[in-house]
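Numbering (the numbering used here), first residue to last: 830 to 1191. Positions of the beta carbon are idealized from the N, C-alpha and C atoms, including for glycine. Since the model is a prediction, treat every value here as computed from it, not as a measurement. Take a look at the structure set out below.
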Amino acid sequence: MTASCKATRIILHVDMDHFFSAIEEREHPAFKGQPVVVGADPKEGQGRGVVKTCNYEARAFGIRSGMSISEAWRRCPTAIYVRGDYRLYKDVSATIMRTLMTFSEKFQPWGLDEAFLDVSSEVRDYADATDLAVSVKHDLLWHVNLTCSVGVGPNKLVAKIASDFQKPDGLTVVTDDEVERFLAPLPVRRMLWIGAKTERKLKELGIRTIGDLASCDVAALVERFGVMGRRYHRWAHGVYTSAVGHRRRMRRSMGHERTFATDIVDRDVVLTRLDGLCERIHQRAVKRRMLFKTVTVKVRFGNFQTFTHGKTLRLFTNRLTDLQTAARELVQRGLKEPRRIRLVGVRVSNLRSDQGQANLDP
DNA sequence: TCTGGGGTCCTAGGACCC
DNA sequence: TCTGGGGTCCTAGGACCC
């Protein structure tokens, strides 16, 4: 037991297994063993939405989350398709988070079904941390009757990648000494913040694995990716300093968007939908006692071309008419000539708590 | 086979002020 | 009258997360 040993952190990342479909299986025992897909209505292969989650039986048919629901239907028309009960999912999530909080004060939710725990103060070493991870899995099974996969590592990045390493119902521990060896063979896509686009750009540079990224010249990465290049390089070596924190950061924006069941040409239909989206945002703003100053609309055309237009108002406001007037004005810019419209959305940002001083700010 | 909806952060150019 | 540079805000778009 040395001083340097005490200085290192030990982080857990907990990731519920195929969360939505697992809850559906739990609620409907008859679903067990059958492919279950949570997402949009497949409409016999004509549906427009996507798969949100599916269980492992559905994955055996090649179905993945994010896939279009009609593609999923084509791969497995006999699967059980459900729209999902998000109120229930949120309730289950709350129970999960309450359970996890009992293991450490340093706790950070990451979406509905994932969380980080900094257990450095709760355990002496990785062996202890492994025992604790087993207790976490046990407690979650007891409280919500669902399985999860846990990653244990010296920081959030490594813990997150580790939790993804063995699924479902997995437990992967990566100690400080093992970090670089663990990361090196993994494809860059496994890295947090490296998505499909960045993966493609890295491939053009001959970089496929995290090990390739780690051994790459930093200057070359900076030239290609700017400040992010330096970060990618550090992360590839397993260096990630972001702390586990549940600092309740002020919300930055609030919005709604809707894809039409079929593409729309009639602008009145679009404007009516826009008004409805504004009403929902307005209700949320009033309920949360928030004022906003910037309004942004989004329009996606039938060919998926998308534009956004925004404007910052003169005053902070939470009045519905201000929102609807601004949104209508902004959206008209994109509707000069008739085109097929797939989606319309509104978002407010530049938020401030109202604290009894509405419409005062210059 | 087309591609949801809720968000956050970053970049880059232009306007404007000192 | 011309010129530079730093800082901040606004806008549009892109990439990423679950």
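What residues are listed by DSSP as bridge partners for residue i?
i: LYS1127; result: THR1137, GLY1174
i: ALA962; result: According to DSSP, ALA962 bridges with nothing at all.
i: LEU1012; result: DSSP lists no partner for LEU1012.
i: THR1146; result: PHE1121
i: GLN937; result: PHE945
i: SER1182; result: MET1119
i: SER981; result: The question names Ser, but residue 981 in the sequence shown is Val. DSSP lists LEU841, VAL1002 as partners of VAL981.
Does DSSP put residue i in a helix, a strand or coil?
i: LEU841; result: strand
i: TYR910; result: strand
i: THR1091; result: strand
i: GLN995; result: coil
i: SER949; result: coil
i: LYS1122; result: strand
i: MET830; result: Annotation note: pLDDT 44 at MET830 (below 50); position unreliable, no value reported.
i: ARG1168; result: coil
i: GLU943; result: strand
i: PHE849; result: helix
i: GLY1024; result: coil
i: SER1001; result: The sequence shown places Thr at residue 1001, rather than the Ser named in the question. Of the three classes helix, strand and coil, the one that applies to THR1001 here is strand, per DSSP.
i: HIS967; result: helix
i: ASP920; result: helix
Assuming contact is defined by CB atoms lying nearer than 9 Å, are residue i and residue j in contact in what I supplied?
i: ASP998; j: LYS1030; result: no
i: PRO1205; j: ILE892; result: Absent from the model: residue 1205. The displayed extent of the chain is 830 to 1191, so no value can be given.
i: THR1088; j: ARG1171; result: yes
i: ASP960; j: GLY980; result: no
i: GLU1086; j: VAL1002; result: no
i: TYR1061; j: LEU1034; result: no
i: CYS1107; j: LEU1149; result: yes
Rounded C-beta distance between residue i and residue j? I'm assuming under 8 Å.
i: TYR918; j: ILE852; result: 6 Å
i: LEU1021; j: LEU986; result: 6 Å
i: GLU943; j: HIS842; result: 7 Å
i: ARG1096; j: LEU1164; result: 5 Å
i: GLY876; j: ARG903; result: Actually they do not touch by this definition, with Cβ atoms about 11 Å apart.
i: LYS1140; j: VAL1160; result: About 11 Å; that fails the 8 Å criterion.
i: LYS881; j: GLY868; result: 4 Å
i: LEU1142; j: ILE1110; result: So it is not a contact: roughly 14 Å between Cβ atoms.
i: MET1079; j: VAL1177; result: Not really, about 14 Å apart at Cβ, beyond 8 Å.
Can residue i be considered in contact with the ligand NAD, in the sense that its beta carbon sits closer than 8 Å to one or more heavy atoms?
i: LYS861; result: As presented, the structure is devoid of all ligands, the ligand NAD included, so that no description of it is given.
Worksheet item: Unbroken beta strand (DSSP E) runs of length 3 or more, entirely within the segment 1026–1114: which are they?
Response: You should have 1082–1093.
Worksheet entry | Residue ranges of each beta strand (DSSP E) within the segment 859–909, 3 or longer | The segment 859–909 contains, as complete beta strand (DSSP E) runs of 3+ residues, the segments 865–868, 880–883 (chain order).
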